[in-house]
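Visitor: After the structure tokens below, expect a handful of questions from me.
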Ligand SMILES: Cc1ncc(COP(=O)(O)O)c(C=O)c1O
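Numbering (the numbering used here), first residue to last: 1187 to 1588.
Laid out in structure tokens, this is it:
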């Protein structure tokens, strides 16, 4: 028999791009996780905004098991029923009328950017190839997406990078006006910057951005990898803003824990990608299709999105209560179940330390940079789990403020 695996094995065997927590989770149910020693943790991370229906949801498990008995993988030489069902559901629920499937958020953004470059070149000529993104943004870890993202620490080691990418200031339309022109083919933006610190775009900013894109015939891409699938209290965040993008990328919550990415587009753009211009091996596989379809089904049937606002209020009232006693946050911001607690100056740079203390106290949280504690729990997290998790988080906050 193999010996028990230990956290230190990670340091011996893995390429060290991560520094995972000291404990190893082995089981999850709802929003509770158990580690190898039987200690339980309340999960406010949702697997980084992924497990929208919590861990081990019985009906998602059933959907996966049913598909496992039939067809796992078939390759893109054939289509399959589960993925067609999912495509139909996404089209029926959004502005889009064509979908492309892949395996992650980065791949979805990579596809969207390639699509935009091709459409602009074919329609207007090869001068129209500039991409405009935003400082502090995050779009994934492929070479194109780290170059597009607004944090140089993710791209600086890997040059030469793809060219013709500029970065404007988020929520600053003057900065966009200075950089957008007839040579711009696409603007890519997160309606709420997630990794960058949980910063929502202003409605007026997104509206003016849409106008500028129309003026210069620029494709507007909304990266809804983190904000999608009900996280903000509507299926996609663009629905709050009343601003419709030309392309939307989705991943994370779409599979509820099973890897899948999707690019949603209007027909006139989508049809400029022809057979052979793009593809992948696993995208649109029947297992991912079956699970994601069930995620959308359950979210609708169980009215999961209707409960997001209430859960936002429960979490925020706990955070405010903690803050009234300890004064450790200078702002609590975010929408729905994408919440950021911004650390006060006196704790500047200590987000990771709080994260570690939190897990010692039995609650899992995320950070977004060095100064923001991020909460992205399952959309169906219970009141009891929130109360217990927040009591434990309050203990961690007391420890840090000592
Ligand atoms: C807004 C946004 N875009 C893209 C990505 C990349 O997604 P993935 O890690 O699935 O490649 C992330 C991941 O955190 C994200 O938050």
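Ideal Cβ positions, reconstructed from N, Cα and C, are used throughout, including at glycine.
The model shown is predicted, which means the values in this text are computed figures rather than measured ones.
With the cut-off set at 8 Å, would you say residue 1406 and residue 1396 are in Cβ contact?
Guide: Yes, these two residues count as a Cβ contact at 8 Å.
Visitor: From residue 1391 to residue 1357, what distance separates their C-alpha atoms?
Guide: Looking at the two C-alpha atoms, the distance is approximately 6 Å.
Visitor: How many Å lie between residue 1344 and residue 1329 at the Cα?
Guide: Rounded to whole angstroms, residue 1344 to residue 1329 spans 8 Å at the Cα level.
Visitor: What I want to know is whether the C-beta of residue 1234 ends up closer than 7 Å to one or more non-hydrogen atoms of ligand 1.
Guide: Yes.
Visitor: Name the one or two DSSP bridge partners that residue 1448 has.
Guide: In DSSP, residue 1448 forms a bridge with 1287, 1436.
Visitor: Determine the direct distance from the alpha carbon of residue 1327 to that of residue 1290, and round the result to whole angstroms.
Guide: Roughly 10 Å separates the two Cα atoms.
Visitor: By DSSP, does residue 1356 sit in helix, in strand, or in coil?
Guide: In the structure shown, residue 1356 sits in coil (DSSP, three-state: anything other than H, G, I, E or B).
Visitor: Measure the alpha-carbon distance for residue 1420 versus residue 1567 and round it to whole angstroms.
Guide: Each residue's alpha carbon lies about 17 Å from the other.
Visitor: Starting from the Cα of residue 1454, find the closest Cα among 1383, 1282, 1428 and give me that residue.
Guide: Taking only the C-alpha atoms, the option nearest residue 1454 is 1282.
Visitor: Should the segment 1522-1530 be called in touch with the segment 1457-1465, which here means at least 3 C-beta pairs below 8 Å?
Guide: In short, these stretches do not touch, since the Cβ pair count stays below three.
Visitor: With respect to the beta strand (DSSP E) encompassing residue 1500, which residues constitute its N-terminal and C-terminal limits?
Guide: Here residue 1500 belongs to no beta strand (DSSP E); instead the alpha helix (DSSP H) covers 1494-1512.
Visitor: What is the C-beta distance between residue 1254 and residue 1246, in whole angstroms, given that I count them as a contact (C-beta under 8 Å)?
Guide: Actually they are not in contact, since the Cβ atoms of residue 1254 and residue 1246 sit about 12 Å apart, beyond 8 Å.
Visitor: Quick one: measure Cβ to Cβ for residue 1298 and residue 1433, integer angstroms, because I've assumed they're closer than 8 Å.
Guide: Confirmed, Cβ separation roughly 5 Å.
Visitor: Against chain D, with Cβ distances strictly below 8 Å, would residue 1403 count as a contact?
Guide: In the displayed structure, chain D is absent; only one protein chain is listed.
Visitor: Label residue 1274 either buried or exposed according to how many other C-beta atoms from any shown protein chain fall within 10 Å of its C-beta, with 16 as the threshold for buried.
Guide: Per the 10 Å Cβ criterion, exposed.
Visitor: Out of 1386, 1393, 1398, 1437, point me to the one whose CA is closest to residue 1410's CA.
Guide: The shortest Cα separation from residue 1410 among 1386, 1393, 1398, 1437 belongs to 1437.
Visitor: Does the beta-carbon distance from residue 1446 to residue 1423 come in below 8 Å?
Guide: Going by C-beta atoms, residue 1446 is not nearer than 8 Å to residue 1423.
Visitor: Please determine if the segment 1546-1556 and the segment 1574-1588 are in contact, where contact requires at least 3 C-beta pairs separated by less than 8 Å.
Guide: With a cut-off of 8 Å, the segment 1574-1588 and the segment 1546-1556 count as touching, because enough Cβ pairs lie within range.
Visitor: Measure the Cβ-Cβ separation of residue 1272 and residue 1545 and say whether it is below 8 Å.
Guide: Contact flag unset, no.
Visitor: Is the beta carbon of residue 1369 sitting closer than 8 Å to the one on residue 1313?
Guide: Yes, they are a contact pair.
Visitor: Let me know the beta strand (DSSP E) ranges lying completely inside the segment 1274-1348, each 3 residues or longer, listed in chain order.
Guide: Qualifying beta strand (DSSP E) stretches, in chain order: 1284-1288, 1316-1320.
Visitor: For residue 1220, which beta-bridge partners are listed by DSSP?
Guide: DSSP, once it has assigned bridges, lists 1213, 1226 as partnering residue 1220.
Visitor: Quick check on the burial criterion: 16 or more other C-beta atoms within 10 angstroms. Buried or exposed for residue 1268?
Guide: When all chains shown are included, residue 1268 counts as buried.
Visitor: Verify whether the separation of the beta carbon atoms of residue 1323 and residue 1379 is less than 8 Å.
Guide: Against a cut-off of 8 Å, the Cβ pair of residue 1379 and residue 1323 comes out as a contact.
Visitor: Would residue 1241 pass as a contact of residue 1212 if the rule is Cβ separation under 8 Å?
Guide: No, these two residues do not count as a Cβ contact at 8 Å.
Visitor: For residue 1557, which residues from the same chain have a beta carbon less than 7 Å from its beta carbon, with the 5 sequence-adjacent residues on both sides left out?
Guide: Once the five neighbours on either side are set aside, the close Cβ partners of residue 1557 are 1528, 1529, 1534, 1535, 1537.
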